[in-house]
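First up is the structure itself, then whatever we jot down about it.
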Amino acid sequence: MASFNPIKIFSGLQSTYLAGKIARHYGRDLGGYNLRRFSDGELSPSFEESLRGCDVYLVQSMFGWADNFLELLLMIEA
């Protein structure tokens, strides 16, 4: 019998509507995610739950690509 890892779906700041619709389609809640922006422009992403052993999907718009792409890369690294 195949065993599947739990699915978790997270959204960047610019894609919450689309990610919410995707999560509802899978019967899941959108995962908790925070992006802290420091006064010097640095970004610090953090997830509000453990991702260990899960299949994680990140949804992020590439419109306004520089900031959004950086946020996506930082989400992947976190």
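Residues in the sequence shown are numbered consecutively from 3, following our numbering. Each residue gets a CB set at the ideal place from its N, CA and C atoms; glycine is no exception.
Return the CA-CA distance between residue i and residue j, expressed in angstroms with no decimal places.
i, j, result
"residue 48", "residue 75", "13 angstroms"
"residue 92", "residue 79", "Outside the shown range of the chain (3 to 80) lies residue 92, about which nothing can therefore be said."
"residue 67", "residue 22", "21 angstroms"
"residue 7", "residue 55", "6 angstroms"
Taking only three categories from DSSP, how would you classify residue i?
i, result
"residue 32", "coil"
"residue 39", "strand"
"residue 15", "coil"
"residue 49", "strand"
How close, in whole Å, do the beta carbons of residue i and residue j come, if the pair is a contact with beta carbons under 8 angstroms?
i, j, result
"residue 33", "residue 10", "5 angstroms"
When the Cα of residue i is compared with those of the options, which residue comes out closest?
i, options, result
"residue 14", "44, 45, 63", "63"
"residue 73", "16, 26, 25", "16"
"residue 2", "50, 25, 24", "Since the first residue of the chain shown is 3 and the last is 80, residue 2 is not available in this structure."
"residue 5", "65, 71, 61, 57", "57"
"residue 24", "61, 65, 77, 41", "61"
"residue 43", "77, 69, 12", "69"
May I ask whether a heavy atom of the ligand ADP can be found less than 7 angstroms away from the beta carbon of residue i?
i, result
"residue 55", "In the structure on display, the ligand ADP does not appear, and there are no ligands present to speak of."
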